[in-house]
Amino acid sequence: MINSSSDNVKKIGSINRRMFITGSLKFLIMIGLVSRLFFLQVKENKKYLTLSDKNRIREWKLAPVRGEFHDYFGNVIAGNFEAYQLHVIPEQVEDFRYVIYRLKDLLELSEKEFQKVLKKKNEIKPWETLIVADNLSWNKFSKINNHLYDLNGVKPVISISRNYPYGDNFTHVLGYVSQANEKDIETNESIKKNFVPGLKIGKAGLEKSYEKDLIGTNDIERYEVNAYGRRISQLEFQKGEKGKTLKLTLDVEVQKLANELLKDQAGSICVMDIFTGEVIAMHSSPSFDPNLFVFGISKDDWQIIRNDHMKPLVNKTLQGNYSPGSTIKPIVALSALENGIINTNFTVKCTGKTEMYGQTYHCWKKEGHGFVSLRNAMKQSCDTYFYEIARKLGVDKLSQTAKKFGLGDKVFGDLFDIEKKGLIPNTEWKKNALGKGWLLGETMITGIGQGYIQTTPIQLCLMTAQIANGGYKIYPKIIASEENKNQPEDKFTPLYENSKNIKIVQDAMFGSTNEVMGTSYRSRIDDLKYQFAGKTGTAQVKKITERDRELDLKTFEIPYEERDHALYIAYGPYINPRYALSVLVEHGGNGSTTAAPMAKKLFKLIIDRHTLRQTINKKKYLEI
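So that you can map any letter, position 205 of the sequence shown is 333 in our numbering, and since no number is skipped, the others follow by simple counting.
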């Protein structure tokens, strides 16, 4: 009995201990739960409210509205239109396979288009946006909206895309836009800040140069969704800012004519105001339609552009390095006058060729020009005369004058990253670049625009403009809506030692165009309103052999790639000059027969448009 009672006491004690321990544990657990609840509801309240909001509230960035480009008269040359897109975020779709095949049927996608979508899906992260369609028709866009109940995770989006209403007329000036890639986002803060799937950004030309000004800022929409992720109400809408609209100095009508004149030919046409430096036209041919790039160019279209032997992807106005041919002769003459090497009475006898240290240098006219003065030599483009004055002048002095007038340097500074400097050679350049001494014969051929010398069409236009305005430096501009950043306060810097020398050159260029025996006489305009002065140029592409001289083939009889380039520079009206131009036709043969006639058509339009341009300038002045 005693043992039994003792055992009972022990059992009771053990039970009490277990109950105490269990009760204590329960109490501690309760305290822990209460503490945790307190921590979550009070201390972490904001955090979990935020997380809750993230599940309930969504933010949607819309594509920014890109700024436009206008020509000088307000015509939209790069604008925008609404594009209907279809977005899918794979990780938000319960049954992606079902949804994507459903979209294939609704959108009537071809097998090729469908496989392209699947490929894009495999290339992106699950949380990234898959753009199933970038430019839907309104009918298909509406159709998708009517079936959204069956398409969880699908987002129909109204976006903004670029439009170039004038097609290939402004391509090499404006450039084009295309979808931003990872490198674009990483290297450009404006793009990174405003990025949305499918964002189009500038890839070339002014579209690229002014991306920061053009891109604009996002519209931001905040809305509430239910447990299934479907929108139930809009909470907030933050309006973004449209990108800056840029007014250019270009004239649509002159640009269109330049495009028309160079149709089916490779070349360049530039037109410039000789006082303001405003570029009126700047066209490179052949061109291409920049609209092809907006939604991603097809492989077939890309191959056509890429493989074109006339190289439409090259901006010949800024990138093309060409021998200037006889268009350099006004500068050679001016340099010789400025350095006191010659005067207007200096004459040379041209027999068709000249001998120098065992080398023969030919004039373009086999029988020669006889005795010629500066004016007649310019008028008839006598090579022998310019061989002689270049020889007497020397390449270093010639180089100095050429550089003064804008040759051998970028015309637009850093505005276009593709622009070339060209090359104005001198003795120091050859020594440093080639490790060789300069030869006299090289000076002579430089005097007729051959040899090492290389210029761009825009440089030739600037050179001509500064001759036309009496020899004053100007700073070309293409953005009318902003001040010329490259232009100093003292903008009309004289480029001459004696202004009379400029007038002598101007008069010689007048004779070249408007007098019998002038190389561009057939392209003259007798009406003083349109009358212009100019200089032809023919740049050799291939060295002419003695056999070539004997055959004396016509341009059309020579293989295309071996034909000379045709050039022409001019300014007008002659009585009261205002505009200068340069024309270059690759493999066009003789400048007098190919390039000069284009200038004739251009000046008639340019000068007629001048009145309208002045009206705008007067209005702007009155508003100020």
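Cβ atoms here follow ideal geometry from the backbone N, Cα and C, with glycine treated the same way.
Any 3 or more C-beta pairs closer than 8 Å across the region 623 to 638 and the region 453 to 464: yes
Contact check, P452 vs G565, beta carbons under 7 Å: No.
Buried versus exposed call for L342 [16 or more other C-beta atoms within 10 Å across all chains shown]: buried
Beta-carbon separation (whole angstroms), R737 vs V407, contact threshold 8 Å: With a Cβ gap of about 14 Å, R737 and V407 do not count as contacting.
Integer Cβ distance of K372 from G195, believed to fall under 8 Å: 4 Å between Cβ atoms; contact.
P585, buried or exposed, once every other Cβ within 10 Å from all chains shown has been counted against 16: buried
Cβ pair Y688, G662 closer than 7 Å: G662 sits away from Y688, with the two beta carbons spaced by 7 Å or more.
For E388, the nearest candidate out of E610, T739, L730 (CA to CA): That would be L730, whose Cα lies nearest to the Cα of E388.
The region 523 to 536 / the region 652 to 669 touching (three or more Cβ pairs under 8 Å): no
Inside the region 380 to 454 only - beta strand (DSSP E) runs reaching at least 3 residues: For the region 380 to 454, whole beta strand (DSSP E) runs of length 3 or above, ordered along the chain, are 395 to 401, 407 to 413.
The region 330 to 338 in contact with the region 294 to 307 per 3-pair CB rule at 8 Å: yes
Same chain only: Cβ atoms within 6 Å of H715, ignoring 5 sequence neighbours per side: Y688, R691
Beta carbon of V324 nearer than 7 Å to that of H215: no
Sub-7 Å separation of T482 and T529 beta-carbons: no
Under the three-state DSSP convention, the category Q220 falls into: Q220: helix per DSSP, three-state reduction.
Distance between beta carbons of T592 and Y450, contact taken as under 8 Å: Rounded, the Cβ-Cβ distance is 15 Å, inconsistent with contact.
Unbroken beta strand (DSSP E) run spanning F499, endpoints: 498 to 500
Nonlocal neighbours in the same chain, by C-beta distance under 6 Å from E495, ignoring five residues either side: G480
Contacts around Y229, its chain only, beta-carbon distance under 6 Å, and the 5 residues preceding and following it disregarded: Around Y229: no qualifying Cβ.
With 16 other Cβ atoms within 10 Å as the buried cut-off, status of V305: buried
DSSP state of C491 mapped onto helix, strand, coil: Per DSSP, reduced to three states, the secondary structure at C491 is coil, with no helix or strand assignment.
CA-to-CA distance, R503 to G468, given in whole angstroms: 16 Å
Start-end ranges of the beta strand (DSSP E) lying completely within the region 495 to 560, minimum 3 residues: DSSP assignment within the region 495 to 560 yields the following whole beta strand (DSSP E) runs of 3 residues or more, N-terminal first: 498 to 500.
Reduced DSSP secondary structure (H/G/I, E/B, other) of Y707: strand
Residue range of the alpha helix (DSSP H) that includes S627: It spans 627 to 642 - the alpha helix (DSSP H) in which S627 sits, taken as one unbroken run.
Nearest-angstrom Cα separation, counted from M438 out to E236: Taking the straight line from one Cα to the other gives about 38 Å.
Buried versus exposed call for L246 [16 or more other C-beta atoms within 10 Å across all chains shown]: exposed
Rounded C-alpha distance that separates R225 from A261: 17 Å
Cβ pair count under 8 Å reaching 3, the region 396 to 416 against the region 599 to 607: yes
Cβ shell of D312 (< 8 Å), same chain only, five flanking positions each side left out: I319, I329
Inter-residue CB distance, C589 and M726 (contact presumed, cutoff 8 Å): C589 to M726, Cβ: 14 Å. No contact.
T583 - partner residues in DSSP beta bridges: Y450
Cβ shell of E753 (< 8 Å), same chain only, five flanking positions each side left out: Because the chain in this structure spans residues 129 to 752, residue 753 falls outside the shown range and cannot be described.
Cutoff 7 Å; reference K268; Cβ partners in own chain excluding five residues on either side: L235
For I259 and Q213, believed in contact at Cβ under 8 Å, the rounded distance: 6 Å
Close beta carbons around V204, own chain, < 8 Å, minus the five adjacent residues each side: E196, F197, H198, P293
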